[in-house]
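Asker: Counting with this note's numbering, you get residues 575 to 730 for the letters of the sequence shown.
All C-beta atoms in this analysis are idealised placements derived from N, C-alpha and C, irrespective of residue type, glycine included.
After the structure tokens below, expect a handful of questions from me.
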Amino acid sequence: MTQRVELATVRDRPALDGLITDYAVAVDDGDWEAYRELFAPRGRADYRSAGGIEGEARAVAAWLAESLSLFPMRQHLIVNRRVSFGIWEQDTGDTAEVQADYVNPMATAGPAPDFVCGGRYAFGALRTDDGWRLNEVVVREKWRRLPEPKKTPVVN
């Protein structure tokens, strides 16, 4: 690896980490404008493994806004980030992939049950004039835990 590639990697890793953190905060805070701004112009998201939709980021943001309105408390914990860069002629490219595990507790204020889910994200990112942007987000939900139903005491 050349010194130029090493320096680019040192600069790009924190930028990608910030992009993923901004993604989690935007979803958790319900800031759908910030969510949309994280994506490249043709960026897409795929939430089908979690019971959602796949499509262009603007359409997915609208779906998320409606679906997640049932859960006023959301908190993504995104960990174990593994970053790989596109390499072209021994130089860091303008693409990156980030695989990261997540745990996402959500709480309701209404009739829907509280639950926690977890899995793995696959983020695809592009370097743009405005910095790194997401061109793809794929959610691979691995598990979901719903609360146990409350037991009614038996009266004899």
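Under a three-way DSSP split, which group does threonine 595 fall into?
Answerer: DSSP places threonine 595 in helix when its eight states are reduced to three.
Asker: Decide if the stretch 596-612 is in contact with the stretch 637-648; the criterion is three or more beta carbon pairs, one per stretch, under 8 Å apart.
Answerer: Contact between the stretch 596-612 and the stretch 637-648 is present, because at least three Cβ pairs lie under 8 Å.
Asker: Quick one: residues in its chain with C-beta nearer than 7 Å to the C-beta of aspartate 591, no 5 flanking neighbours on either side, listed in chain order?
Answerer: Same-chain partners within the cutoff: Arg655.
Asker: How close, in whole Å, do the beta carbons of arginine 718 and arginine 694 come, if the pair is a contact with beta carbons under 8 Å?
Answerer: Contact doesn't hold; Cβ gap of about 14 Å is too wide.
Asker: DSSP three-state label for lysine 716, please.
Answerer: Strand.
Asker: Can you name the residues that DSSP bridges to glutamine 673?
Answerer: Note: glutamine 673 sits in a beta bridge opposite Arg656 and Ala696.
Asker: Where DSSP assigns a beta bridge to threonine 702, which residues make up the other side?
Answerer: Beta-bridge pairing links threonine 702 to Gly705.
Asker: Let me confirm a value: glutamine 664 is counted as buried when at least 16 other C-beta atoms fall within 10 Å, else exposed. Which label applies?
Answerer: Below a pLDDT of 50, predicted positions are generally treated as unreliable, and glutamine 664, at 49, falls in that range; no measurement from the model is reported.
Asker: I need the boundaries of the beta strand (DSSP E) containing arginine 618, first residue and last residue.
Answerer: First-last of the beta strand (DSSP E) with arginine 618: 613-620.
Asker: Are the beta-carbon atoms of valine 593 and leucine 700 separated by less than 8 Å?
Answerer: Checking the sequence, you will find leucine at residue 593 rather than valine. The answer is no: Cβ separation not under 8 Å.
Asker: Is the Cβ-Cβ distance between alanine 674 and serine 658 less than 8 Å?
Answerer: No. Outside cutoff.
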